[in-house]
Amino acid sequence: MMSSPKTIALKIEFGGGMELLFANQRSHKLSIPARVPVDNSTKELQAEPDSSNTKPTDIVFLIHYLRDHLLKEREELFIENGTVRPGILVLINDTDWELEGEGDYKLQDGDEIVFISTLHGG
Amino acid sequence: MAPRICALCHTSKAMLRRPKTGQQICRDCFFFVFETEVHNTITEAKLFKPGDRVAIGASGGKDSTVLAHVMKTLNERYRYGLDLFLLSIDEGITGYRDDSLETVKRNQQQYDMPLKILSYDELYGWTMDAIVAKIGKKNNCTFCGVFRRQALDRGAAMLNVDHIVTGHNADDIAETVLMNIMRGDISRLGRCTCICTEGEDTIKRSKPFKYAYEKEIVMYAYFKKLDYFSTECIYSPDAYRGHARAFLKDLEAARPSAIIDIIHSGEAWAVKEEVKANQNAQQTCKRCGYMASNELCKACTLLEGLERGIADAGITERGMKKLEAQGPAPDNLRTIPFFRLASHQQNGHPAIEVEAPT
Ligand SMILES: [Zn+2]
Ligand SMILES: [Zn+2]
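From first to last, the protein sequence lines are chains A and B. To get this note's numbering, take the position in the first sequence, counting from 1, and add 12. To get this note's numbering, take the position in the second sequence, counting from 1, and add 86.
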């Protein structure tokens with residue numbers, strides 16, 4: 013039997029109307045590979061670990077993964093130019109992602125990532 | 087990455103970067119600076135005086151929910167001496183406003199403030215659901231905007247308040263500046279950045295969040311775990327505003343000060359006297375007593391059109407002509423109850439600054 017690639021467990025929360033794009037579900041638990049393709053492709057996640065075209069999984073990869081596997085509608089309201097659309101706040105373990113390197117933050121097992129839309133009605 | 091330390095208290099872990107200043111600060115320092123800036127906005131503009139009765143226009147959304155929380159906090163901390171109320175307008179939109187009003191009712195409990203809900207149905211005899219069923223999804227936002235504005239004033243008069251505060255934030259104001267520039271609406275351009283508007287016979291309205299960034303309002307709500315409702319109105323994609331908003335967010339991503347810069351640009355557009363002179367002088371609607379720039383106020387014209395089956399009567403010249411061609415309004419036409427300002431508002435008293443305890 014092949015050993016399955018190492019994975020990390022994450023908790024994802026959507027708020028501020030973001031959840032409407034994700035089947036109206038606020039809280040999600042998921043498990044993604046610890047190493048992922050550098051091009052953020054989420055289709056073939058069996059890429060051989062430690063090969064030169066992989067990287068430790070990061071927020072940019074997570075954004076692509078959420079788009080490909082959890083998003084139910086209107087991807088243009090979530091992702092733009094390979095990152096979240098301006099106006100979406102991201103928190104990494106309750107800290108503004110701007111303090112954590114934004115998309116380059118390397119995800120750790122057990123991290124909690126929150127996406128909040130600021131674009132929905134006042 | 088080692089945790090960053092708060093730039094203000096030098097003790098706790100920084101939790102956010104302020105878009106205005108780039109400062110990295112902790113949660114408690116953030117609460118304090120955010121609230122203090124709103125307090126400074128309020129005192130510098132001399133918005134209130136002790137004993138004022140103030141209604142918070144509450145939609146259940148993030149801005150008005152945070153505003154209610156901050157107004158309550160500041161009123162207690164700095165002893166403004168205000169009587170605070172929540173005022174909500176029920177447009178009658180099933181699946182949208184009914185849900186958000188549940189949020190407002192919870193806010194009433196959480197903040198311990200009296201709540202008044204005034205509905206389009208009781209005021210105009212029409213819900214937005216009924217209006218959309220009649221006229222479709224074209225122009226419905228015109229009806230809603232005109233009806234809401236007047237409903238807020240009437241709700242305020244019923245509560246006998248002096249003043250309505252709304253949750254408009256810096257992003258909203260910058261967005262409106264952009265839209266007014268794109269439409270060439272010079273008279274609105276200068277006015278839309280005013281923190282406070284007060285006509286001779288209108289209820290004072292102001293925007294204590296004029297300089298508060300949306301990002302910080304959302305962060306405040308998130309860190310305080312405030313209960314708010316977030317769904318777009320089902321009838322209003324408002325594509326134009328949506329584009330202005332997306333453009334503004336792109337500018338902000340490139341340079342966070344863009345929002346304040348645009349507000350300052352709007353403020354710099356002084357409205358010339360001759361432009362003002364072209365606007366009709368204010369008068370009182372002969373049918374309902376609300377302020378109007380013609381014989382009838384906008385809401386009465388729209389309502390008459392709805393009732394007589396010419397929905398664009400208050401919107402296009404052609405619709406107006408069609409209505410006039412049908413002759414005068416019938417005697418049994420549904421009208422809006424007569425509007426009276428609360429009596430004590432007519433002897434206007436000068437605003438004095440709220441003093442902070444020393
Ligand atoms: Zn601090
Ligand atoms: Zn009228």
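Think of the CB as a built atom: it goes at the ideal place given N, C-alpha and C, for glycine as much as any other residue.
Exercise. Identify the residues that DSSP records as bridge partners of residue 111 (chain B): which are they?
Worked result: Residue 111 (chain B) pairs with B:102.
Problem set entry | Between the CA atoms of residue 416 (chain B) and residue 344 (chain B) - distance to the nearest angstrom | 53 Å
Exercise. So does residue 97 (chain B) have its beta carbon nearer than 7 Å to some heavy atom of ligand 1?
Worked result: yes
Exercise. If you drop the 5 nearest sequence neighbours on each side, which residues of the same chain put their C-beta closer than 6 Å to that of residue 201 (chain B)?
Worked result: 172 and 194
Exercise. In angstroms, rounded to a whole number, what distance separates the CA positions of residue 227 (chain B) and residue 90 (chain B)?
Worked result: In a straight line, the C-alpha of residue 227 (chain B) is about 46 Å away from that of residue 90 (chain B).
Exercise. Going along the chain, which residues of the stretch 65-90 of chain A sit with their C-beta nearer than 8 Å to a C-beta in chain B?
Worked result: none
Problem set entry | Helix, strand or coil at residue 144 (chain B) [DSSP, three-state] | Correct three-state label for residue 144 (chain B): coil.
Problem set entry | Coil, strand or helix - residue 420 (chain B) by DSSP | Residue 420 (chain B): coil per DSSP, three-state reduction.
Exercise. Around the Cβ of residue 424 (chain B), are there at least 16 other Cβ atoms within 10 angstroms (buried) or fewer (exposed)?
Worked result: exposed
For this session: Could you please give the first and the last residue of the uninterrupted alpha helix (DSSP H) stretch that includes residue 228 (chain B)?
Result: 226-245
Exercise. Which class does residue 377 (chain B) belong to by DSSP, given the choice of helix, strand or coil?
Worked result: strand
For this session: Can you say whether residue 269 (chain B) is buried or exposed, counting buried as having 16 or more other CB atoms within 10 angstroms of its CB?
Result: exposed
Exercise. Is the beta carbon of residue 36 (chain A) sitting closer than 8 Å to the one on residue 50 (chain A)?
Worked result: Against a cut-off of 8 Å, the Cβ pair of residue 50 (chain A) and residue 36 (chain A) comes out as no contact.
Exercise. Can you name, in chain order, every residue of its own chain whose Cβ lies under 8 Å from the Cβ of residue 99 (chain A), other than the five neighbours on each side?
Worked result: 129, 130 and 131
For this session: Scan the stretch 264-282 of chain B for residues whose Cβ lies nearer than 9 Å to a Cβ of chain A and list them as they occur along the chain.
Result: none
For this session: Please name the residue or residues paired with residue 134 (chain B) in a DSSP beta bridge.
Result: BP columns for residue 134 (chain B) are empty, so no partner.
For this session: Note down, in chain order, every chain B residue with its Cβ under 7 Å from the Cβ of residue 110 (chain A).
Result: 103
Problem set entry | residue 234 (chain B) to residue 326 (chain B) span [Cα, whole Å] | If I take the Cα positions, the gap works out to 20 Å.
Exercise. With which residues is residue 369 (chain B) paired in a DSSP beta bridge?
Worked result: B:378
Problem set entry | the stretch 88-96 of chain A contacting the stretch 42-49 of chain A, beta-carbon criterion three pairs below 8 Å | no
Problem set entry | Whether residue 98 (chain B) touches residue 146 (chain B) by CB criterion (8 Å) | no
Exercise. Are the stretch 304-318 of chain B and the stretch 380-392 of chain B touching, with three or more C-beta to C-beta distances below 8 Å?
Worked result: no
Problem set entry | For residue 150 (chain B), three-class secondary structure by DSSP | Reduced to three states, the DSSP call for residue 150 (chain B) is helix.
Exercise. Do you know offhand how far residue 443 (chain B)'s Cα is from residue 160 (chain B)'s?
Worked result: Its pLDDT being 43, under 50, residue 443 (chain B) is placed unreliably by the model, and nothing is read from it.
For this session: Might you give, ordered along the chain, the residues of its own chain that have their beta carbon closer than 8 Å to the beta carbon of residue 116 (chain B), omitting 5 neighbours on each side?
Result: Same-chain partners within the cutoff: 101, 102, 104, 302, 305, 306 and 309.
Problem set entry | residue 69 (chain A) in three-state terms, based on DSSP | Correct three-state label for residue 69 (chain A): coil.
Exercise. Run through DSSP, which three-state label would residue 116 (chain B) get?
Worked result: helix
Exercise. Taking Cβ-Cβ distances below 9 Å as the criterion, which residues of the stretch 120-131 of chain A are in contact with chain B?
Worked result: 126, 128, 129, 130 and 131
Problem set entry | Same chain, Cβ closer than 8 Å to residue 288 (chain B), five either side skipped, listed in chain order | Within the same chain, 239 and 377 come within 8 Å of residue 288 (chain B) by CB-CB distance, once the 5 residues on both sides are set aside.
Exercise. Within 7 Å: the Cβ of residue 206 (chain B) and any heavy atom of ligand 2?
Worked result: no
For this session: Assign residue 409 (chain B) to buried or exposed, taking buried as 16 or more other Cβ atoms, counted over all protein chains shown, within 10 Å of its Cβ.
Result: buried
Exercise. Using a threshold of 7 Å, is the CB atom of residue 376 (chain B) nearer than that to any non-hydrogen atom of ligand 2?
Worked result: yes
For this session: Please find out if some non-hydrogen atom of ligand 1 comes closer than 7 Å to the beta-carbon of residue 114 (chain B).
Result: yes
For this session: Examine the Cβ distances between the stretch 120-130 of chain B and the stretch 259-267 of chain B and report whether three or more of them are shorter than 8 Å.
Result: Between the stretch 120-130 of chain B and the stretch 259-267 of chain B there are fewer than three C-beta pairs closer than 8 Å, too few to call the two in contact.
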